[in-house]
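The working numbering numbers the first residue of the sequence shown as 13 and each following residue consecutively.
All C-beta atoms in this analysis are idealised placements derived from N, C-alpha and C, irrespective of residue type, glycine included.
In this text the structure is predicted, and so the values were computed from the model without any measurement.
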Amino acid sequence: MRLDASAAGAAAGTEYLPLDFTNVTGARCRLAGFPAVSATSSTGHRVGAAAALDRSLAARPLVLGAGQTAHAWLRLADVANLPAALCRPVTAAGLRVLLPGQSGEIFVAHRLLTCARAVPGDDILMIEPFRLGIARRGTAQ
């Protein structure tokens, strides 16, 4: 799994970060739904609320053969647009990612500004469902 910063983009106060998942085994694997994602501190503690699931997009099960890749877009709201007293902006050290049906989390180092507290009515992080292939730069697809 990797975060492809070269394919990241931004629009209307939101940063789009693509997470690519490659099947490195010799067997087929199944991905369904959404990865669980949260920001984390340098000591491994979760920072703020976990990513909300974007259920406006259809989540379809995918089967990846050996070496095939799927991706999911993570949207990060610009916390500068939120009241600092509610948000309590903080720089996270990276992301914790958990695949459906797995027990081990993956840490991805990527500094990002997020909220230390959940802000009612605002999803700071939002994850889209898995899609087949590598994320295409500048498309959020």
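Counting only the same chain and skipping the five closest in sequence on each side, list residues whose C-beta sits under 7 angstroms from that of residue 40. As a position in the sequence shown, residue 40 is number 28, starting the count at 1. Only 75, 76 and 77 meet the Cβ criterion.
Should the segment 135–145 be called in touch with the segment 28–47, which here means at least 3 C-beta pairs below 8 angstroms? Segments in contact, yes.
With distances taken Cα to Cα, identify the nearest neighbour of residue 91 among 84, 144 and 99. The sequence position of residue 91 within the sequence shown is 79, counting from 1. Among 84, 144 and 99, the Cα nearest to that of residue 91 is on 99.
Residue 144: which of 54, 120, 72 and 112 sits nearest, CA to CA? In the sequence shown, the residue the question calls residue 144 occupies position 132. Comparing C-alpha distances from residue 144 to each of 54, 120, 72 and 112 shows the shortest one belongs to 72.
Could you pull out every residue in the same chain whose Cβ sits closer than 8 angstroms to the Cβ of residue 58, ignoring the five residues on either side in sequence? Against the sequence shown, residue 58 aligns to sequence position 46. So the list reads 50, 51, 52 and 108, once near-sequence residues are dropped.
Take the Cβ of residue 132 as the centre, count every other Cβ of all protein chains shown within 10 Å, and call the residue buried at 16 or more, exposed below. Numbered from 1 along the sequence shown, position 120 holds the residue referred to as residue 132. Burial call: exposed.
If you follow the beta strand (DSSP E) that residue 105 is part of, which residue opens it and which one closes it? As a working mapping, residue 105 is identified with position 93 in the sequence shown. In the DSSP assignment, residue 105 falls within the beta strand (DSSP E) that extends over 101–110.
At which residue ranges does the segment 45–114 contain complete beta strand (DSSP E) runs of 3 or more residues, listed in the order of the chain? Runs of beta strand (DSSP E) with 3 or more residues, each lying fully within the segment 45–114, are found at 48–52, 74–76, 81–89 and 101–110, listed in chain order.
Residue 60 and residue 129 closer than 9 angstroms at C-beta: Residue 60 sits at position 48 when you count from the first residue of the sequence shown. Residue 129 sits at position 117 when you count from the first residue of the sequence shown. Residue 129 sits close to residue 60, with the two beta carbons spaced by under 9 angstroms.
Taking only the alpha-carbon atoms, compute the straight-line gap between residue 146 and residue 28 and give it to the nearest angstrom. Position 134 of the sequence shown, counting from 1, holds the residue named residue 146. Position 16 of the sequence shown, counting from 1, holds the residue named residue 28. Distance between the alpha carbons of residue 146 and residue 28: 14 angstroms.
Check whether the Cβ atoms of residue 116 and residue 110 lie closer than 9 angstroms to each other. In the sequence shown, residue 116 corresponds to position 104, counting from 1. In the sequence shown, residue 110 corresponds to position 98, counting from 1. Cβ atoms of residue 116 and residue 110: closer than 9 angstroms.
Can you find the residues in the same chain that come closer than 7 angstroms, C-beta to C-beta, to residue 86, ignoring five residues on each side of it along the sequence? Locating residue 86 in the sequence shown gives position 74, counting from the first residue. Only 29, 31, 49, 63, 137 and 139 meet the Cβ criterion.
What does DSSP give as the partner residues of residue 134 in its beta bridges? Counted from its first residue, the sequence shown places residue 134 at position 122. DSSP, once it has assigned bridges, lists 131 as partnering residue 134.
Considering just the uninterrupted stretch of the beta strand (DSSP E) at residue 34, what are its terminal residues? Locating residue 34 in the sequence shown gives position 22, counting from the first residue. Residues 26–34.
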